[in-house]
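Novice: The sequence shown begins at 26 in our numbering and counts up one residue at a time. Glycine included, C-beta positions come from ideal geometry on N, C-alpha and C.
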Amino acid sequence: MKRLILMLMALVLLCNPIVCGRASAQSIPEDLTDEQNSGNAKNIVVYFSRIGEQYNVGVIEKGNTAIVAEMIAEATGADLYEILPADDHYPMTYKELTDVALQEQREGARPAIEGELPDLSGYETVFVGAPVWWGDWPMIMYTFFEGTPLSGKTLVPFSTHAGSGLSGFDRTLAAAYPDCTVEKGLAVAGTDAQKNPDKAQISVDKWLEELGF
Ligand SMILES: Cc1cc2nc3c(=O)[nH]c(=O)nc-3n(C[C@H](O)[C@H](O)[C@H](O)COP(=O)(O)O)c2cc1C
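1) Measure the alpha-carbon distance for residue 77 versus residue 188 and round it to whole angstroms.
2) How is residue 104 classed by DSSP in three states: helix, strand or coil?
3) Cβ-heavy atom distance between residue 197 and ligand 1 below 6 Å?
4) Could you pull the start and end residues of the alpha helix (DSSP H) that residue 184 belongs to?
5) Could you tell me if residue 127 is buried or exposed, where buried requires 16 or more neighbouring beta carbons within 10 angstroms of its beta carbon?
6) Which same chain residues end up closer than 7 Å to residue 167 when comparing Cβ atoms and leaving out the 5 residues on each side of it in sequence?
7) State the Cα-Cα distance for the pair residue 102 and residue 72, rounded to the nearest angstrom.
8) Indicate the three-state DSSP secondary structure (helix, strand or coil) for residue 225 in the structure shown.
9) Could you check whether the segment 180 to 200 touches the segment 85 to 96, counting it as contact only if at least three pairs of C-beta atoms, one from each stretch, sit closer than 8 Å?
10) Count the other CB atoms within 10 Å of the CB of residue 176; is the residue buried (16 or more) or exposed (fewer)?
11) Would a C-beta distance cut-off of 7 Å place residue 193 and residue 212 closer than the cut-off?
12) Could you name the residues of the same chain whose beta carbon sits closer than 7 Å to that of residue 123, not counting the 5 residues immediately before and after it, in chain order?
13) Can you give me the C-alpha to C-alpha distance between residue 174 and residue 74, rounded to a whole angstrom?
14) Hey, is residue 254 close to ligand 1, as in C-beta under 6 Å from one of its heavy atoms?
15) Could you tell me the distance, in whole angstroms, from the CA atom of residue 68 to the CA atom of residue 116?
16) With respect to the alpha helix (DSSP H) encompassing residue 201, which residues constitute its N-terminal and C-terminal limits?
17) Which of the three DSSP states, helix, strand or coil, is assigned to residue 138?
18) Distance check for residue 83 and residue 170, CA to CA, integer angstroms please.
19) For ligand 1, I want to know if residue 118 counts as a neighbour, meaning its beta carbon is within less than 6 Å of at least one of the ligand's heavy atoms.
20) In the DSSP assignment, what are the bridge partners of residue 212?
21) What's the C-alpha gap between residue 49 and residue 219?
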């Protein structure tokens, strides 16, 4: 019985999607507090990203936004939290994915997120990133915004994209969180993140420096 309980506890920890911000390590923090904070980081990078066939980069094994999210976490020592869909209905082929995403946007869908939404109360700054989908945040990000109170925190948006830049991510984030401070966002071309990471890294570093990190 004791063994079973220990195994269940280990499983719960392994399933926790907040991981320490060492991009290469992707380790689960051992000292999770009640707030699911690693105990050290003041900042967290929350992101959504897709693998599979993506625009102009072929079939990818790590999402463009994930690459940028990890650069930010690595540079700032932030924790990482990846938003995953509960029921992963998103196609792995680009054209089909764009169709599903457009349908969700037209319906104002709020796709469910896997697991419990995180308690981010222990963090000061929350970087929030996603690919631009049809000129906006993917609808699953609104599920996150509506379900995650971030009162009084500093929020920093970032996007990856194929030409649309930040697509008003900063404005929509400020509208979702009127009592937060929204800092200057960063837009990275998805092709740079995937195929020219040195260039993407320079943009990330310059931007973080401007923000005072
Ligand atoms: C459903 C869908 C819609 C997209 N809409 C846009 C868009 O409106 N503007 C744009 O610049 N790029 C758009 N793109 C391109 C993505 O933003 C870009 O490839 C991004 O880097 C993908 O990041 P990811 O690998 O993290 O998912 C779209 C891609 C998809 C799959």
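Specialist: Taking the geometry as given:
1) In the sequence shown, residue 77 corresponds to position 52, counting from 1. In the sequence shown, residue 188 corresponds to position 163, counting from 1. Straight-line measurement puts the Cα of residue 188 at about 20 Å from the Cα of residue 77.
2) Reading the sequence shown from its first residue, position 79 is the one you call residue 104. Strand at residue 104.
3) Start at 1 with the first residue of the sequence shown, and residue 197 comes out as number 172. No, Cβ of residue 197 sits at least 6 Å from all heavy atoms of ligand 1.
4) Position 159 of the sequence shown, counted from the first residue, corresponds to residue 184. Taken as a continuous stretch (DSSP letters only), residue 184 belongs to no alpha helix (DSSP H), being part of the beta strand (DSSP E) at 179 to 186.
5) Locating residue 127 in the sequence shown gives position 102, where the first residue counts as 1. Burial call: exposed.
6) In the sequence shown, counting from the first residue as 1, residue 167 sits at position 142. Within the same chain, 135 come within 7 Å of residue 167 by CB-CB distance, once the 5 residues on both sides are set aside.
7) In the sequence shown, residue 102 corresponds to position 77, counting from 1. In the sequence shown, residue 72 corresponds to position 47, counting from 1. Using only the alpha carbons, I get a separation of about 16 Å.
8) Working through the sequence shown from its first residue, we reach residue 225 at position 200. The answer is helix: DSSP assigns residue 225 an H, G or I state.
9) Contact between the segment 180 to 200 and the segment 85 to 96 is present, because at least three Cβ pairs lie under 8 Å.
10) Residue numbering aside, residue 176 sits at position 151 when the sequence shown is read from its first letter. Exposed, because fewer than 16 other Cβ atoms sit within 10 Å of the Cβ of residue 176.
11) Along the sequence shown, one-based indexing puts residue 193 at 168. Along the sequence shown, one-based indexing puts residue 212 at 187. No. Outside cutoff.
12) Here residue 123 refers to the residue found at position 98 when the sequence shown is read from its first residue. The answer is none, since no qualifying residue turns up.
13) Stepping through the sequence shown from its first residue, residue 174 is reached at position 149. Stepping through the sequence shown from its first residue, residue 74 is reached at position 49. Cα-Cα distance, rounded: 22 Å.
14) The requested residue 254 is not part of the displayed model; the chain covers only 26 to 238.
15) As a working mapping, residue 68 is identified with position 43 in the sequence shown. As a working mapping, residue 116 is identified with position 91 in the sequence shown. Distance between the alpha carbons of residue 68 and residue 116: 32 Å.
16) As a first step, residue 201 is located in the sequence shown; it is residue number 176 there, counting from the start. First-last of the alpha helix (DSSP H) with residue 201: 194 to 201.
17) Within the sequence shown, the letter at position 113 stands for residue 138. Residue state, collapsed to three classes: strand.
18) For the purposes of this step, residue 170 is taken as the residue at position 145 of the sequence shown. For the purposes of this step, residue 83 is taken as the residue at position 58 of the sequence shown. Rounded to whole angstroms, residue 170 to residue 83 spans 30 Å at the Cα level.
19) For the purposes of this step, residue 118 is taken as the residue at position 93 of the sequence shown. Not one heavy atom of ligand 1 is found less than 6 Å from the C-beta of residue 118.
20) The residue you call residue 212 lines up with position 187 of the sequence shown. Per DSSP, 184.
21) To locate residue 49, count along the sequence shown from 1; it is residue 24. To locate residue 219, count along the sequence shown from 1; it is residue 194. Residue placement at residue 49 cannot be trusted, given a pLDDT of 30 that sits under 50; what the coordinates show is reported in the next sentence. Their backbone Cα atoms lie some 16 Å apart in a straight line.
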